[in-house]
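The structure appears below as structure tokens.
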Amino acid sequence: MKLHVLTGADVGGVLEPNPAGFTVGRGKDNDHEVPEEGTSRHHCRIERKPEGWVVEDLGSVNGVRVNGRRIQDRESLRDGDVIDICGHEMRVDLPGSALPPTVVPQRDVPPAVVPQRDEQTIPESMPDQAREALPWGRISLLAGMCMLIAALAFLLHTGPKPEGTGEQAKKDGEPSAKAAEAPAGNLAPDALSDQELEKLLDDQEKLDAAKGVATPLPDPPVGAGGKADTTTPPTAADTPAPGATDMLLVQSKPAGATVFIDEVEKGTTPAVITGLAEGRHRVMLKLPGYQDLPRLIYVPDVPAPAPYVLRQRPNTLYVTSDPAGVSVARGSQWLGVTPVLLRDLPTGEITLTLAMADCPRRREKVTISAVRGEQLQIEMKPELGDLTIETQPPGCQVLVDGLLMGTTRGEAVGPGAKGTLRVPNLLVGERSVQVEHPCGAMTGRKLQVTAGGNAELAIRLWVPDTRVVLLNDDVRNGMLIERNEQGDIELALSPRPKDRASYLKPRIREERALSEAEAQETFLKVVQPGGAAAAKPAGKPGTGVDARWGDEADGKDPLGDAAGEPARDDDPAPARKRVIEVTELELTEALAKDTKFGFLRQNHGRMFEVTGRPSSIRRDGLSGVVLFGRRIRCELSKKEYTDERKKMASLAESGRRLTIRGKAKGFDGDRLILSGCKPIYPAEEDN
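The sequence shown begins at 67 in this note's numbering and counts up one residue at a time.
The structure is reproduced here in structure tokens:
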């Protein structure tokens, strides 16, 4: 491809664009520099695409025209097309093009005058007489042609021209029509600067003020002889009615800017404006915290609109977050909720506090500039933890804070079978956990979910699952606890830990599993005597009865104390010791030997009396705590702590041992929590 320069500084020149890209503009870093007035720094780009050669407007103020028509963004080129850049014209030459050439009237370019020599070469050695015998006829013809060309050029330059163009318009200070053109969209970074645009607007205002008119007046009527008829003033019928656009869309980033057209407010962006007269208009966008943005548009030559990008003022900070809705504060001053533009900030480094529910607070240091606006993008992640529930038996529904999370599942079946359910991504803090079985048995606990931790909870419910018919026709329904090798079984006949019974194989006539309906009927008869018929069907969350089982009784004490041999036949097993007296060291060793799951299965809800030297006695919120090492935490109520704090502190300071009684509640990390605690002094008898 070749470009023949028809008008401009390099008239007559031939350019060969690089297929990868050929830029044209006022800047010296372009492939072809065009210093004409109204040309942008980087005006357009010519390159070869798979479909052929194209010319692309790089967001110039005055646009690019092909064959006299202004293009939108980009346009394909054909052989013979004329590209016009603010009066700088170039003709496209595509050798071997399959498309027919475009026929465009081209400007007359004076041919370069090249002196022609006679066909007979005159040797330098010829005498002077021979040199004088030159072809004077041809020289006379050449001189005549030059005079004719000069006369044509004079007529072209002195003939009538359109208003606002040529040297006379430049002398009057009238900007050309091309210089007045401006896009409706935002300017490219390399287009006319704000200072240049403002100067252009000021010059136009001064010119209009000097003339005393706001818009150009129509030409006066032309009388006979081609002279202007100044005797008859123009009438309204002689003045053409101004045209109007159907619609003009003005957008901005960010939205909400107030739009002024010719200093008349037209609404806020995005704004649809109609009824603009033909000609040039001044657009001004204003938004608090952002610099005023002036622009020129030319109606009806308005390209497809693009959002105007507003620039922040100095000493401002635009804060955005993912997700939105983060509270922003500076010290004790609340500044707003993201996304938010902070204005009138002091120059230099400031510290912002960012807070959002269920997320850790963040502090961000930002340097505020006195010459430009700053931006801050943050990402807030909530603090989450996991929960693992183990139930005996399996098949229990788990609700956390009243929401159903799933059902515990297990592979094992039969006596002692367990099921587990893992609930991930719970918000940190105290959570209410409720476990329900389809038969109606249920229980609830509260536990603490820590960030990045896994709270563990073991629950055992009394669920009747076995019917035994003895030789004397007595029927026993209960929960199967154990079956030995000889076939002897042990049943839990009620949720009470001590209400167990063992039956020898020879005394059992029949043994079978209870159906779901029989299990529900048996459960309601035991926990609600006389109310089984009126009870609601189980299965719906929140309709069960608290039937916690086995929290204070099991086969073996985790601290190694024997719990007694189980009773035989119909005699219930003896009640286990309800209070476990241990030293701080013994309890710490027991916690180290067992898992948290295992310890809670055996001891959840059991009463402990821990004796030792406390490592800390202090207030925790409204209540108080006594710590034994790093594994035991005893929580006291506000009243208990207030009444006993001085006495406990006195014992600790004197080096004496302190005894605290409390119920095993759960774990906070690796630390055992004893709740409802109170001190036991040597002179006080155990309850």
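All C-beta atoms in this analysis are idealised placements derived from N, C-alpha and C, irrespective of residue type, glycine included.
The structure presented is a predicted model; accordingly, all values stated were derived computationally and were not measured.
Taken through DSSP and simplified to helix, strand or coil, V330 comes out as strand. When the beta-carbon positions are compared, G439 and Y384 come within less than 8 Å of each other. Within a 10 Å sphere around the beta-carbon of T417 sit fewer than 16 other beta-carbons, which makes this residue exposed. Under the DSSP assignment, T588 falls in the alpha helix (DSSP H) whose first and last residues are E582 to V593. Taking the Cα positions, R562 is about 35 Å away from L688.
Exposed is the label assigned to N550, since fewer than 16 other Cβ atoms lie within 10 Å of its Cβ.
Straight-line spacing of the CA atoms in P412 and A423 works out to 29 Å.
When beta bridges are read from the DSSP output, D554 appears opposite no residue. Following the DSSP letters along the chain, one finds R575 inside the beta strand (DSSP E) bounded by residues I574 to A579. Beta-bridge annotation (DSSP): C700 is paired with V692 and L740. For Q668, the enclosing alpha helix (DSSP H) begins and ends at K662 to N669. For D410, the CB contacts under 7 Å within the same chain, skipping 5 residues up- and downstream, are N381 in chain order. By the Cβ neighbour-count rule, F220 is exposed, with fewer than 16 other Cβ atoms within 10 Å of its own.
The beta carbons of D145 and D159 sit closer together than 8 Å. Approximately 27 Å separates the beta-carbon atoms of A558 and L453; this is outside 8 Å, ruling out the contact. Within the same chain, R699, E701, K731, G732 and F733 come within 7 Å of I739 by CB-CB distance, once the 5 residues on both sides are set aside. DSSP links V130 through a beta bridge to no other residue. Per DSSP, reduced to three states, the secondary structure at Y364 is strand.
Around the beta-carbon of L376, 16 or more other beta-carbon atoms lie within 10 Å, marking it buried.
Under the three-state reduction of DSSP output, G414 falls in the strand class.
Within 10 angstroms of the beta-carbon of P116 lie fewer than 16 other beta-carbons, which makes it exposed. The continuous beta strand (DSSP E) containing E647 extends over residues V645 to T649.
Proximity of the segment 665-684 to the segment 717-729 meets the contact definition, three or more beta-carbon pairs being nearer than 8 Å.
With the rule of 3 Cβ pairs closer than 8 Å, the segment 122-139 counts as touching the segment 150-158. Distance from the CA atom of R427 to the CA atom of V489, rounded to whole angstroms, is 25 Å. Cβ-Cβ distances below 8 Å link P405 to Y384, V385, T386, S387 and A390 in the same chain, with the five nearest sequence neighbours on each side left out; the list follows chain order. When only Cα atoms are considered, E502 and I455 end up about 12 Å apart. With at least 16 other beta carbons inside 10 angstroms of its own, G125 counts as buried. Here V100 really is in contact with V90; their C-beta atoms are around 6 Å apart, less than 8 Å. With distances taken between CA atoms, R711 lies nearest to R684 out of L693, V479, R684 and R722.
Apart from the 5 residues on each side of it in sequence, A337 sits with its Cβ closer than 7 Å to the Cβ of V316 and V325 in its chain, given in chain order. For W400, the uninterrupted beta strand (DSSP E) run begins and ends at Q399 to V403, by DSSP. Taken in chain order, the whole beta strand (DSSP E) runs of length 3 or more contained in the segment 452-483 are 463-466 and 469-473. The Cβ neighbour count for P745, taken over all protein chains shown within 10 Å, is at least 16; the residue is labelled buried. Annotation for V692: P680, I683, C700 and I726 place their beta carbon closer than 6 Å to its own, counting only its chain and skipping 5 residues before and after.
Excluding residues up to 5 positions away in sequence, L383 and L401 lie with their Cβ nearer than 6 Å to the Cβ of L408 in the same chain.
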